[in-house]
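*Asks:* Numbering (the working numbering), first residue to last: 650 to 1086.
Even for Gly, the Cβ is constructed at its ideal location relative to N, Cα and C.
Structure provided below as structure tokens; questions to follow.
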DNA sequence: GCGATCAGTT
DNA sequence: CACAACTGATCGC
């Protein structure tokens, strides 16, 4: 009935080739050291990290996508049974080390899969990213944009990572006699730690496995596993709790910093308020001075930084795009259609609700109807299996609550929620259907 | 031992 | 509160 062609961050059987955008565990669920279902394409850095995450994995199955250049892959068209070429380009996603977006061209059209991504708009890096993307797209039209819609809601507003990193530095400076612990995951936030180390001229403690990762990533001097040489430690997020901090504080005054979490989310908008309250300007002004080390004074200067516990600060350092950045990105890409790749968010709204007007198809925002698009050229149909919601806002809501995925049939109508229980949280299976017209 | 799934955690 | 990312217990094989 339906044969798979390619899968992105999805590891179920049935595709000819597989792609991994980055090595976070919520994208590798279903992947293991005994992987043998086919070639696995990823960035060079991801490939380098692979043996560490999946020791024993058959490395001969890995294929490296160098960022910024087109790769051609010969596959068998599920519809015709003949050879077909898929072209793919990896583009830096600025999410975590090795993370990429994937741009596909083939007989199915042009698809852009963002994976998890951060699209900061002001830095030099951002400019390079922008021009790289535009160059890659050139005169292609993106038929479907698979979007990291984690924060696809106007209530999600936070500053650039540069600014958030400086907030962390300021917290550390204003606690000169404290130990500092920062919660991080197994990959990501290296730039934050680098920034701290650089600004304060201090080494940063990490746990032994993390030090190995740092070495693989090319950091050789700023991290240490010796507790005696620094008061700043980066610890696994799961070991970071109120309890931990209270225990630590019985030994030595310690402040915890959580770069993430969501207490910093702006309050939900009501009515016809300005859609984009500019919190960023307030971050800038509030953090320009310091020197006040008294707690109450500091508190006033915190701006978006939330002190949600006696010993813990939450800083809005995010590796996902905020709403404005998502908007900026969609404006740039101008896809024909958009699908979210995350639907577990409580603030989940179909990206088209906010961004439908930015799409080329410019469909009425209520009738999120995929039929026309499916009929392109009258003979080729793209079936997509993904966690993304389809249909009306109401069914999106229903889907979300039940944690289900949606599946599209050839006419683009939502048909099956049945197998959904077995499916992974994220990822898309990009398949080509039997043509029947 | 391995993979999948669930229930937690910040 | 809430998310992404992760750990650990449990189950079937």
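Based on the DSSP output, what are the partners of residue 781 in its beta bridges?
*Replies:* Residue 781 pairs with nothing; no bridge assigned.
*Asks:* Identify every run of the beta strand (DSSP E) within the region 782-820, keeping only runs that are complete inside it and at least 3 residues long; order them along the chain.
*Replies:* 793-796
*Asks:* Quick check: residue 988 and residue 795, are their CB atoms within less than 8 Å of each other?
*Replies:* yes
*Asks:* Return yes when the Cβ of residue 793 is within less than 8 Å of the Cβ of residue 986, no when it is not.
*Replies:* yes
*Asks:* By Cβ distance below 7 Å, which residues in the same chain neighbour residue 695 in space, the five residues on each side in sequence not counted?
*Replies:* 669, 671, 672, 747
*Asks:* What residues in its chain sit with their C-beta under 8 Å from that of residue 837, if we drop five residues either side in the sequence?
*Replies:* Exclusion of the five residues before and after residue 837 leaves 673, 744, 745, 746, 968 as the residues of its chain whose Cβ lies within less than 8 Å of its Cβ.
*Asks:* Can you tell me where the beta strand (DSSP E) with residue 723 in it begins and where it stops?
*Replies:* 719-725
*Asks:* Ends of the beta strand (DSSP E) at residue 761?
*Replies:* 758-762
*Asks:* For residue 840 and residue 833, I'd like the C-alpha separation in whole angstroms.
*Replies:* Answer to the nearest angstrom: the Cα atoms are 12 Å apart.
*Asks:* Starting from the N-terminal side, write out each stretch of the beta strand (DSSP E) that is 3 residues or longer and does not extend beyond the region 840-921.
*Replies:* 881-885, 903-908
*Asks:* From this set, 684, 977, 823, 873, which residue's C-alpha is nearest residue 842's C-alpha?
*Replies:* 873
*Asks:* On the premise that residue 738 lies in contact with residue 717, defined as a C-beta separation below 8 Å, what is that separation, rounded to the nearest angstrom?
*Replies:* The beta carbons of residue 717 and residue 738 sit about 7 Å from each other, so the pair counts as a contact at 8 Å.
*Asks:* Just the Cα atoms here: how many angstroms apart are residue 978 and residue 811?
*Replies:* 19 Å
*Asks:* Whether or not the region 815-824 and the region 783-790 are in contact is what I'm after, with contact meaning three or more pairs of Cβ atoms, one per stretch, closer than 8 Å; do they touch?
*Replies:* no
*Asks:* Between residue 851 and residue 881, how many whole angstroms is the CB-CB distance? I'm expecting something under 8 Å.
*Replies:* A Cβ-Cβ distance of about 6 Å is found for the pair residue 851 and residue 881, placing them in contact under the 8 Å criterion.
*Asks:* Can you tell me whether DSSP reads residue 645 as helix, strand or coil?
*Replies:* There is simply no residue 645 to check, as the chain begins at 650 and stops at 1086 in what is shown.
*Asks:* Could you give the residue range of the beta strand (DSSP E) that holds residue 1114?
*Replies:* This structure does not reach residue 1114, given that the chain is present from 650 up to 1086, and the question cannot be answered.
*Asks:* Let's see if you can read the secondary structure: which residues bound the alpha helix (DSSP H) around residue 990?
*Replies:* That residue, residue 990, is in no alpha helix (DSSP H); it is neither H nor E in DSSP.
*Asks:* Report yes or no: do three or more beta-carbon pairs, one from the region 847-865 and one from the region 696-704, lie closer than 8 Å?
*Replies:* yes
*Asks:* Closer than 6 Å by C-beta to residue 831: which residues in its own chain qualify, once you throw out the five before and the five after it? Chain order, please.
*Replies:* Excluding residues within five positions, the ones whose Cβ falls inside 6 Å are 883, 906.
*Asks:* What's the call for residue 705, buried or exposed, on a 16-neighbour Cβ count within 10 Å?
*Replies:* exposed
*Asks:* Please name the residue in 723, 702, 740 whose C-alpha comes closest to that of residue 666.
*Replies:* 723
*Asks:* Please tell me whether residue 962 and residue 904 are closer than 8 Å, where the distance is taken between their beta carbons.
*Replies:* In this structure, residue 904 lies closer than 8 Å to residue 962 by Cβ.
*Asks:* Pick from 659, 982, 770: whose alpha carbon is nearest that of residue 760?
*Replies:* 982
*Asks:* Quick check on residue 954: does DSSP put it in helix, strand or coil?
*Replies:* coil
*Asks:* Smallest Cα separation from residue 725: which of 715, 682, 755?
*Replies:* The residue with the shortest Cα to Cα distance from residue 725 is 755.
*Asks:* Near residue 1047, what residues of its chain come up, given a Cβ to Cβ distance below 6 Å and the 5 sequence neighbours on each side ignored?
*Replies:* Residue confidence for residue 1047 is low, a pLDDT of 35 falling below 50, so the modelled location carries little weight; the figure read from the coordinates is stated next. Excluding residues up to 5 positions away in sequence, nothing lies with its Cβ nearer than 6 Å to the Cβ of residue 1047 in the same chain.
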